[in-house]
Each structure stands twice: as C-alpha cells, then as structure tokens.
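Report on one structure; see the data block that follows.
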Amino acid sequence: MEDADGISSAALIRQAFGGETVLVDYPGLMPALEALEHDEKLKSLYICDLGLSKNNQDQFVEILSSLKKKKVAITYVDHHDIDPEIVKKLQKAKIKIIHDVNECTTVQVYGAFKSKLSDHAAFIAACAAITDYMEDRPKGSRLLQIYDRQFALISATVLTYNIVGHQKDPDYLLYLVEMLSESKYPHEIPNSFEFAQIQVEKLATMIEKVKKSLKKMKNLGYMEIIDAGASGAVNFVLGLSGKDVGVAYKERVDHGIYAVSIRGSKSCSIHLGRLVNSLAQDFGGSGGGHDKACGAVIPKDKIISFIKALNTKLNQ
Ligand SMILES: [Mn+2]
Numbered sequence: 001m002e003d004a005d006g007i008s009s010a011a012l013i014r015q016a017f018g019g020e021t022v023l024v025d026y027p028g029l030m031p032a033l034e035a036l037e038h039d040e041k042l043k044s045l046y047i048c049d050l051g052l053s054k055n056n057q058d059q060f061v062e063i064l065s066s067l068k069k070k071k072v073a074i075t076y077v078d079h080h081d082i083d084p085e086i087v088k089k090l091q092k093a094k095i096k097i098i099h100d101v102n103e104c105t106t107v108q109v110y111g112a113f114k115s116k117l118s119d120h121a122a123f124i125a126a127c128a129a130i131t132d133y134m135e136d137r138p139k140g141s142r143l144l145q146i147y148d149r150q151f152a153l154i155s156a157t158v159l160t161y162n163i164v165g166h167q168k169d170p171d172y173l174l175y176l177v178e179m180l181s182e183s184k185y186p187h188e189i190p191n192s193f194e195f196a197q198i199q200v201e202k203l204a205t206m207i208e209k210v211k212k213s214l215k216k217m218k219n220l221g222y223m224e225i226i227d228a229g230a231s232g233a234v235n236f237v238l239g240l241s242g243k244d245v246g247v248a249y250k251e252r253v254d255h256g257i258y259a260v261s262i263r264g265s266k267s268c269s270i271h272l273g274r275l276v277n278s279l280a281q282d283f284g285g286s287g288g289g290h291d292k293a294c295g296a297v298i299p300k301d302k303i304i305s306f307i308k309a310l311n312t313k314l315n316q
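For the record, in the sequence shown the residue sitting at position 202 is 202 according to the UniProt record's numbering, with numbers rising by one throughout.
Pasting the structure below:
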C-alpha cells in the first residue's frame, strides 16, 4: 500500500487474474495473512512486493504452508533480500516464487504474466521501476525505452505522490489499483495532478524542517518526523546531512512503535537491508529491504539505542 511498485503489482495481478485486492504495509502483513487462513473461499493467492524479515519469515512459511494444505495456489513475487533457507522452505511447500533482487516487483509480474496483460501494463511496470530506483536494470530499462522518458517520469511521480498523499485513505488506494488495472494513465485519474501539487508543496516544507531539525552522528543523519511519512522525508535527511546514511522515523501511536526509513548514498558500501534486518531483531523489532533503501519497525523506547547501534555498525 505504500508505494507505486506495490500498488502497480497489485493492479497487474488484478488485470491478469481478477479477484480481490488486499493492500498492506509491513506491520499489516502478518495480520492480513492470518485473516486469510480463515477465508474458506480462498483458492488462489498472489503476494507481491512484501519483503520478509528474520522476525516474521518463519511465521510466513508456516501460514503459507497451512494455506497450501487447504489447496490454495500461492505465488510470491518480490525483490527484497531474502534468506536462502526461507526460499528452500517455500519451494518445498510448493509455493511458486518469482524473486529477483535486480528488478522491481511490477516488472517481474509483467514478465511472468505478460500474455494475460494489456500493452499498457508495460507502462505501469516502467513507472514502478522508476519509483523503486530500478529503471536502470535490464528488464526495467527495456520497458522504459518503449516510452518517452519525461512522460514516464512525470506519470511515475504523479502516481507516487497520489499514493503517498492517500496513506490514510485505503479506499482511494484500492481505487488507484482499479484505475491502473483498467489501463488508465496516472494523468487520467481525476485530480491526480492537483493531489501531486499538494504533495510537492508539503515536500518543500519538509526540506525546511529537515534543515532545522536534522541531527547527526559520525556515520549517519537522523530525524524524528512528526506530521508526514518517514519515507517521504528520509531522502532529504540523507541528502542534507551529507552523510552516507539517512534515518527518518515516525511514531505509530496505535502500535507503540516507530516506523523507520533508512537510505544509503551511492557511496555507501554496506548492504543496509541485511544489516537492519539483524539489528532490528536485536532491539525487539523487525526490518530489512534493499542494499540502499530499507525500513524497520522498532519499539518506541529503543529507537535512539537502535540508531546508535546502527551508527557503530557502519564503522565496520
Ligand atoms: Mn518494490
């Protein structure tokens, strides 16, 4: 539910197979799967763009295996770093895995189910690749080549800002999935550019706030975000700190936790997703992701010690 790759892969799955869409973020993944365990009508399940962490991967295998025993056909499509042991277990349970850390999820969904998709799906996949910083990868770049670069960039950005600006409006996010699955361009979605403008203005304000409140340790810049999403602010924290790693965190009041977003610069040589996966677990949280972009969920009272530990690990 949080980005264009997630929403777009859901849209392509919907176009290819129909069915219902459930949009979740990381804290929502396991509860959603648990709810599906009791859905007697479920026959086929596609899980897209939801990486696993040390903290939930065993339960993920457990729930999917039990669904599989009830004859549910399951396909898992993702590009986040994954424990090879978990891949083996999923394969053993006869769960179909499409997993390539080098291409975004939507590009992989497009590649796997092309024959069931419209030509327009290639454009949606190119937009998802852009927003996941993966438009330079072999398959992603080939899809982007079909279209005018500027046209794809503005479409991807408008789509992203509509998603980011509607995180508290799940019905609107489902509506976006539906529009994309009906082969609509982002600019054809009513008021999409107006929503994007609102988001752009918020981001400009955010730049000023980050300049004022950003804190630094030796190897990273960090900041607590109050009235926006952490993932929208983290790139500014990274860029304005001048460090190789940026951390932005936002309290999820209802959960007693912080949602943490972490980004690495081009010169950051440590795989942040892997590091954060194991570090988050040490602090009673969970996390993981890509080499230069990852996230974590950390118990509220542990956040500063988590950031200090991350800073120390970045020395090594
Ligand atoms: Mn993705």
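All C-beta atoms, glycine included, are put in the ideal place defined by N, C-alpha and C.
For residue 220, the enclosing beta strand (DSSP E) covers residues 220 to 224.
DSSP places residue 266 in the coil class of the three-state scheme, outside both helix and strand. Unbroken alpha helix (DSSP H) stretches of 4 residues or longer found wholly inside the segment 155 to 185: 170 to 181, given in chain order. Counting C-beta atoms within 10 angstroms of its own C-beta, residue 60 has 16 or more neighbours from the protein chains shown and is therefore classed as buried. DSSP, reduced to helix, strand and coil, places residue 22 outside both helices and strands of the structure shown, so it counts as coil. The C-beta distance from residue 147 to residue 125 rounds to 11 Å, too long to fall under 8 Å, and the pair is not in contact. At a cut-off of 6 Å, the beta-carbon of residue 105 counts as near ligand 1: some heavy atom of the ligand is closer than that. Around residue 298, the same chain offers 257, 258, 260, 280, 283, 285, 306 as residues with beta carbons nearer than 7 Å, after the five sequence neighbours per side are excluded. Counting only residues of its own chain and dropping the five nearest sequence neighbours on each side, residue 10 has a CB closer than 6 Å to the CB of 21, 177. At least one heavy atom of ligand 1 lies closer than 6 Å to the C-beta of residue 132. With a threshold of 16 other beta carbon atoms within 10 Å, residue 18 falls short and is exposed.
Rounded to the nearest whole angstrom, the C-alpha separation of residue 207 and residue 41 is 48 Å. Contact between residue 51 and residue 81 holds: their C-beta atoms lie close to 7 Å from each other, under 8 Å. Between residue 293 and residue 252, the CB-CB gap reaches or exceeds 7 Å. When secondary structure is reduced to three states using DSSP, residue 61 falls in the helix class. Across the structure, residue 145 and residue 271 are spaced so that their CA atoms are roughly 29 Å apart.
Exclusion of residue 81 from the 6 Å shell around ligand 1 follows from its C-beta lying no nearer than that to any non-hydrogen atom of the ligand. Short of 8 Å from the beta carbon of residue 43, and not among the five residues preceding or following it, lie these beta carbons of its own chain, in chain order: 71, 72, 73.
Ranked by Cα distance from residue 154, the first of 123, 141, 237, 169 is 123. One Cα belongs to residue 194, the other to residue 186, and the distance between them is close to 12 Å. Proximity of the beta carbon of residue 5 to ligand 1 is indicated: a heavy atom of the ligand is located closer than 6 Å. Uninterrupted alpha helix (DSSP H) stretches at least 4 residues long and entirely within the segment 243 to 301 occur at 272 to 282, given in chain order. By the neighbour-count definition (other C-beta atoms within 10 Å, threshold 16), residue 277 is a buried residue. The closest heavy atom of ligand 1 lies 6 Å or more from the beta carbon of residue 291. Taken atom to atom, the span from the alpha-carbon of residue 105 to that of residue 209 is near 33 Å.
Per DSSP, reduced to three states, the secondary structure at residue 5 is helical. The C-beta of residue 103 has 16 or more other C-beta atoms within 10 Å across all chains shown, which makes the residue buried. Using a cutoff of 6 Å, the CB of residue 49 counts as near ligand 1, since one of the ligand's heavy atoms is closer than that.
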